[in-house]
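Data first, discussion second: the structure below is written as structure tokens.
Protein chains: 2
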Amino acid sequence: MAIKTRDKILNAGLKLISTRGYLGATTKEIARAAGVAELTVFRHFESKEKLFEAVLTRYTFLPVLKEMIPEIAGMPYEKALREIAGRQLQVLSLRRDMVKIMHAEMGRYPEKVQEIYHSFIDQLIKVLAAYFDGLIKKGLLREFDAELGARAFFGMFFSYFNAQEFLMRKKHRTTDQDKVVSEFVKIFVQGTLIPGAEETEAV
Amino acid sequence: MAIKTRDKILNAGLKLISTRGYLGATTKEIARAAGVAELTVFRHFESKEKLFEAVLTRYTFLPVLKEMIPEIAGMPYEKALREIAGRQLQVLSLRRDMVKIMHAEMGRYPEKVQEIYHSFIDQLIKVLAAYFDGLIKKGLLREFDAELGARAFFGMFFSYFNAQEFLMRKKHRTTDQDKVVSEFVKIFVQGTLIPGAEETEAV
DNA sequence: ATAAAATGTAAGTAACCGCTAACATACGTA
DNA sequence: TACGTATGTTAGCGGTTACTTACATTTTAT
């Protein structure tokens with residue numbers, strides 16, 4: 001089954017690139033993780049870069065958004081945007097490791113990886129910008145730079161997601177997360193000063 | 204001058220690891236950037252890992268915090284924490300590229316790099332935790348887990364810094380940043396709907 | 001001025017990288 | 001059965017990596 005093998009490779013590629021980054025994930029390991037000969041990887045994808053592009057195309061918000069566009073075309077504007085944002089946050093948290101790697105490697109090394117990331121993001125932006133442009137031309141939205149608008153929209157939720165991630169993850173190893181949360185709450189709601197004492201009194 | 208050469212290598216190491224990541228920064232390039240033979244790099248640092256440790260030890264908030272401890276020991280608690288937070292944010296923005304790489308590579312590949320990052324963070328945490336513990340034992344602070352407290356403290360500002368960074372950087376290439384800002388402001392303050400129209404009215 | 005220490009140059013190691021060639025084997029389809 | 005397609009195996013290519021050896025040269029200290 002050709003398709004199934006291709007999927008196994010894509011899946012393994014996602015997993016390894018997510019955890020080790022593009023440079024850290026070797027084609028040999030990807031093949032092994034897929035239960036496949038290394039050569040088979042290159043029979044399905046002409047290069048590591050193409051494999052990476054395919055991974056981004058399959059497992060990110062891009063294909064999800066493309067599928068959504070026809071559905072939301074008939075929705076009220078606000079509801080449509082709520083749908084998009086909701087799904088985006090869903091995908092971001094499903095692929096959080098990938099997101100972090102992207103965030104780190106974007107605009108970095110090597111050049112070809114930069115290009116892949118940027119062209120991926122441009123695609124995302126343009127899909128949403130096209131939706132905005134349609135509404136602007138129908139006179140339903142005021143005139144504004146649709147691409148900048150799309151960037152702003154994704155940026156908002158991307159930023160929100162990352163702040164969320166940062167607050168969550170302190171990887172305090174086996175420590176129970178509830179304990180951490182309750183400790184944090186105690187510390188910041190109740191303060192670290194002895195009850196009753198004024199802040200400026202502490203040495 | 205032995206010390207000067209060492210500094211040049213450390214500086215080049217910081218620069219390249221900040222922009223290309225640990226795996227992406229090669230010793231050859233670091234040497235070239237330092238204006239030094241590759242061999243000289245290995246005469247000063249026994250391995251790439253040791254060089255990396257030295258870079259972290261020199262250019263992060265860790266040495267700054269260590270120097271601060273004696274100074275803030277005599278300050279009121281609140282003022283001391285303000286000093287620490289202020290300086291931390293200063294260093295974070297001075298080393299923003301390094302911070303982003305750390306954020307991305309931490310807990311990833313290869314294993315030895317993980318260890319370096321974690322041991323670095325543990326050092327940071329423990330320096331501040333010791334300060335907290337001192338105040339707790341003097342009865343000036345209520346009893347709380349000092350290490351968790353230190354993690355929470357750093358985490359707060361680290362998170363704040365990252366949110367800030369995310370809002371700033373959309374790398375909209377040559378576009379003037381002011382234009383982006385004003386577009387964003389327009390979009391979100393004024394909204395994307397035609398003035399006067401109700402949100403739910405837009406198709 | 002001279003010895004010691006620091007650096008440069010050149011060549012090369014072993015390991016690993018992405019990627020390919022050559023050939024054998026399994027498997028579904030006709 | 002016979003054939004085409006997908007895969008496995010093995011071996012290896014050319015390149016790069018972190019790191020080394022051997023030796024010449026420069027710089028520094030005394």
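Sequence lines, in order, name chains A and B.
When we follow the working numbering, the leftmost residue of the first sequence carries the number 1, and every step to the right adds one.
When we follow the working numbering, the leftmost residue of the second sequence carries the number 204, and every step to the right adds one.
For glycine and all other residues, C-beta sits at the position ideal for the given N, C-alpha and C.
As the structure is a prediction and not an experimental result, all values here were calculated from the model.
Does the beta carbon of residue i sit closer than 7 Å to a beta carbon anywhere in chain A?
{"i": "residue 227 of chain B", "result": "yes"}
Does the beta carbon of residue i sit closer than 7 Å to a beta carbon anywhere in chain B?
{"i": "residue 104 of chain A", "result": "yes"}
{"i": "residue 100 of chain A", "result": "yes"}
{"i": "residue 146 of chain A", "result": "no"}
Can you give the Cα-Cα distance for residue i and residue j, rounded to whole angstroms?
{"i": "residue 284 of chain B", "j": "residue 261 of chain B", "result": "22 Å"}
{"i": "residue 100 of chain A", "j": "residue 268 of chain B", "result": "28 Å"}
{"i": "residue 210 of chain B", "j": "residue 103 of chain A", "result": "30 Å"}
{"i": "residue 63 of chain A", "j": "residue 342 of chain B", "result": "58 Å"}
{"i": "residue 255 of chain B", "j": "residue 73 of chain A", "result": "52 Å"}
{"i": "residue 79 of chain A", "j": "residue 67 of chain A", "result": "16 Å"}
{"i": "residue 134 of chain A", "j": "residue 144 of chain A", "result": "12 Å"}
{"i": "residue 279 of chain B", "j": "residue 76 of chain A", "result": "56 Å"}
{"i": "residue 386 of chain B", "j": "residue 117 of chain A", "result": "Unreliable placement is indicated for residue 386 of chain B, whose pLDDT of 39 sits below 50; no coordinate value is reported for it."}
{"i": "residue 32 of chain A", "j": "residue 207 of chain B", "result": "46 Å"}
{"i": "residue 86 of chain A", "j": "residue 154 of chain A", "result": "11 Å"}
{"i": "residue 20 of chain A", "j": "residue 317 of chain B", "result": "11 Å"}
{"i": "residue 252 of chain B", "j": "residue 272 of chain B", "result": "28 Å"}
{"i": "residue 339 of chain B", "j": "residue 345 of chain B", "result": "6 Å"}
{"i": "residue 274 of chain B", "j": "residue 325 of chain B", "result": "22 Å"}
{"i": "residue 229 of chain B", "j": "residue 313 of chain B", "result": "15 Å"}
Taking the Cβ atom as the reference point for each residue, do residue i and residue j lie within a distance shorter than 7 Å?
{"i": "residue 286 of chain B", "j": "residue 225 of chain B", "result": "no"}
{"i": "residue 349 of chain B", "j": "residue 335 of chain B", "result": "yes"}
{"i": "residue 300 of chain B", "j": "residue 221 of chain B", "result": "yes"}
{"i": "residue 291 of chain B", "j": "residue 323 of chain B", "result": "no"}
{"i": "residue 16 of chain A", "j": "residue 29 of chain A", "result": "yes"}
{"i": "residue 295 of chain B", "j": "residue 258 of chain B", "result": "no"}
Would you mind sorting residue i into buried or exposed? The rule is 16 or more other CB atoms within 10 Å of its CB.
{"i": "residue 238 of chain B", "result": "exposed"}
{"i": "residue 149 of chain A", "result": "buried"}
{"i": "residue 112 of chain A", "result": "exposed"}
{"i": "residue 293 of chain B", "result": "exposed"}
{"i": "residue 24 of chain A", "result": "buried"}
{"i": "residue 152 of chain A", "result": "buried"}
{"i": "residue 215 of chain B", "result": "buried"}
{"i": "residue 333 of chain B", "result": "exposed"}
{"i": "residue 297 of chain B", "result": "exposed"}
{"i": "residue 240 of chain B", "result": "exposed"}
{"i": "residue 380 of chain B", "result": "Low local confidence applies: a pLDDT of 28 at residue 380 of chain B is under 50, so the model's placement there is unreliable, with the coordinate-based value given in what follows. The residue in question, residue 380 of chain B, is exposed, as its Cβ has fewer than 16 Cβ neighbours within 10 Å."}
Three CB pairs or more closer than 8 Å across the region 328 to 336 of chain B and the region 27 to 44 of chain A: no
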